Amino acid sequence: MDPVVTFSEDELLGALRAVAEPTRLRIFAFCSRADLSVTDLTDLLNQSQPRISRHLKIMCEAGVLERMREGTFAFYRAGTSSIGRELAVRLLSLYQFSVQDSRALESLKQKRHKLAAPLEAQNSEELRKLRPYYPSEKLIDQALIKLLPEDEIEDLLDIGTGMGHMLSLFGPRVTHAMGIDLSRDMLSLARANLMLADLQNCRVQHADMYHLPVDAESFDAVTIHHVLHYAERPAEVIAEAARVLRPDGRLVIVDFIAHDLRKLQDDFGHRWLGFNERELQQWCEDAGLAADAPTIISEPSKQLKVLILNARLKSAGQQKPKKRKFAA
């Protein structure tokens, strides 16, 4: 049985007051379904921007919504703070969307998907050019699902989420999932894909993989899927991923085994021509992680092999002092 979460009288009353108004309750319900901007909410609710902004200010101050800055835009999301999450689960289980609001949300979903279509086509074309070189994503996904059984993972972080593939794969299997990326275009595409798939427990955020905007011990699992070969300092990415893992948490790295296909640097911008097993294991060791023997995915007709490394965070007593320097 999950532990009962409790709050002080002031916290609880403040949160309840923040949603105890018709428009704010609708905003809370909408923001529990997707990351929404002020413009999105003015369209959904057919109300003025100043009025929506006032409501959002009240709700953010009470902790029931979180405001996420992304360039010149800001997105609002319910259920990220402790009290926001509890309200989203408990209160909204009693809430029924009106036909009007359901239609408005569906319209926004289709609008986002349409706007993201050109970017998705461009990205899909780039992937189409790369895929002849390495094993099918289906084989990789099947191996990942075996490594991360759904009964072991509650909160998952995907570093360099791109179009949100890892969130789409694991979203139905975990309680909450978060993806971070530096590309705002990719985040827009990921949001559209997650909304279309109705993965309400998944969110994305603009962030730097070297400085994750989350507290230590926040996740049961972290995935780094075909991202490290773009990183200037992959050892630091691994160390930062280890920082946000809970005790006995998992880090799963998916990347190419070391190769000499320089076309990937010239045509696709890869900084690293894959990695050898030992250097990845050493970086994990330096970060306080114990890596299992890797899973190797290959196909006879493909030039590249894919390595999946599963590492667990060691207990404090098992860890050696961390090194100050990282491999370049």
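Per the working numbering: the sequence shown ends with 349, consecutive numbering throughout.
Built from N, CA and C at the ideal position, the CB exists for glycine as well.
Since this is a predicted model, take the numbers as computed values, not measurements.
In summary, Q117 is exposed, with fewer than 16 beta-carbon neighbours lying within 10 Å of its beta-carbon over all protein chains present.
Ranked by Cα distance from L334, the options F289, L294, A314 and A260 are led by A260. R267 is the residue among R267, L301 and L113 whose C-alpha sits nearest the C-alpha of E238. Distances from the CA of M216 to each of A242, A137, N331 and L203 were compared; the closest alpha carbon is that of A137.
D288 carries a helical assignment under DSSP once its states are collapsed to helix, strand and coil. Proximity of the stretch 119-127 to the stretch 38-51 meets the contact definition, three or more beta-carbon pairs being nearer than 8 Å. For Q226, DSSP records a beta bridge to I201. Its Cα nearest to that of C52, the residue H76 stands out among H76, G35, D236 and R264. Just so you know, the alpha carbons of L177 and D219 end up roughly 17 Å apart. Here D202 is near T182, since their CB atoms are less than 7 Å apart. Under the three-state reduction of DSSP output, G192 falls in the helix class. Measuring C-alpha to C-alpha distances from D281 to each of R292, V275 and S114 identifies R292 as the nearest. Look at the beta carbons and you see the stretch 320-327 not touching the stretch 304-311: under three pairs across the two are nearer than 8 Å. With fewer than 16 other Cβ atoms inside 10 Å of its own Cβ, E253 counts as exposed. Under the DSSP assignment, M80 falls in the alpha helix (DSSP H) whose first and last residues are Q70 to E82.
Membership of H134 in the alpha helix (DSSP H) is indicated by the continuous run V120 to L151. Secondary structure at A332: strand, using DSSP grouped into helix, strand and coil. Residue environment analysis places P321 among the exposed positions, since fewer than 16 neighbouring C-beta atoms fall within 10 angstroms of its C-beta.
A Cβ-Cβ separation of about 11 Å leaves A211 out of contact with G192 under the 8 Å criterion. Counting of Cβ neighbours within 10 angstroms places P43 among the exposed residues, the total staying below 16.
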